[in-house]
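Data block below; observations after.
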Amino acid sequence: MPTVDEELERIRRLLEGAHERGLVGALGDEDKVEGHHNPGAHGAGELEPDDEGMLFVESFRNVTSVPRGFTRGRNRPRPLSLVTTVVIHQTAVGGGFGLSARLLARHQGQAFSARQDRYRDTPYHGVYSPIDRASVVQWPAWVHSFHGNGANDYSVGWAYDGKLPGDVLDLHGARSALRHFVTAMREVGVGLRYVEAHRQHSNQRGGDPGAGIWSLVVRPLLDELGLEERADHTTGSGLKLPSDWRRA
Ligand SMILES: [Zn+2]
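All residue numbers for the sequence shown refer to full-length UniProt numbering, where the first residue is 1 and numbers rise by one.
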């Protein structure tokens with residue numbers, strides 16, 4: 001005869017399982033991301049560093065549901081066909097996201113691994129960490145996350161983890177990371193065509209991602225990545241791209 005606690009635990013597991021199956025089942029066949037496990041830090045999918053010592057992480061390939069504790073997005077997956085645009089951000093955190101002693105301890109002192117954990121609290125689908133020289137693609141495009149106000153419905157978010165002006169812009173790393181992000185998304189069928197700035201969707205984000213990232217990272221990659229800049233497209237209180245972001 002099971003105790004009340006054991007029975008409650010059994011029911012809890014049943015509910016959790018049903019929740020996960022519900023999320024996965026809500027995806028159309030064409031929206032399913034191939035199961036693909038890259039072994040690495042905590043199953044994060046750590047790839048080999050390149051010649052410049054950059055790391056490319058594709059943990060998004062292991063994500064089959066949105067964690068229940070995640071408050072920066074909807075639980076229900078969306079069809080990939082809705083996603084046409086990448087919205088560029090800066091995290092505006094000087095030196096990038098810091099790590100608590102507790103989080104570091106949980107990752108045996110490995111900052112790179114701990115920071116990936118920290119990023120999973122953010123709504124960005126992809127993040128570049130200059131401090132770790134790591135490009136992290138963390139959420140699949142079917143995750144409707146709250147990163148860019150009126151652009152959320154049709155976009156994925158990518159962020160440079162730093163504060164600009166202020167920090168030194170890691171040009172090579174940021175370009176490699178954005179290239180990696182767009183390529184990884186397209187590999188699983190996301191039809192990215194446009195690139196927009198967070199500022200285009202909120203007048204509270206006028207400097208997001210700012211002239212440096214836009215003119216030196218995003219614009220030089222437009223042709224190569226086949227992305228179109230929509231300088232005048234705004235939603236809500238958003239602002240057009242200023243001319244000094246578009247000089248380079
Ligand atoms: Zn932003």
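Even for Gly, the Cβ is constructed at its ideal location relative to N, Cα and C.
Just so it is clear, the structure is predicted and the values come from calculations on it, not from any experiment.
- For alanine 174, the distance from the CB to the nearest heavy atom of ligand 1 is not below 8 Å.
- In this structure, Arg193 is the residue among Asp132, Asp244, Arg205 and Arg193 with its C-alpha nearest to the C-alpha of leucine 225.
- Per DSSP, reduced to three states, the secondary structure at alanine 111 is helical.
- In terms of Cβ geometry, phenylalanine 60 and alanine 184 form a close pair [threshold 9 Å].
- Counting only runs of 4 or more residues that sit fully inside the segment 179 to 245, the alpha helix (DSSP H) segments are 222 to 225, in chain order.
- Taken through DSSP and simplified to helix, strand or coil, leucine 55 comes out as strand.
- Residue burial is scored here from C-beta neighbours: alanine 134 has at least 16 other C-beta atoms within 10 angstroms and is therefore classed as buried.
- The shortest C-alpha to C-alpha distance from threonine 85 to any of Arg68, His125, Arg76 and Asp117 is the one to His125.
- A Cβ-Cβ distance of about 5 Å is found for the pair phenylalanine 146 and arginine 72, placing them in contact under the 8 Å criterion.
- Secondary-structure assignment with DSSP links alanine 159 through a beta bridge to His89 and Val127.
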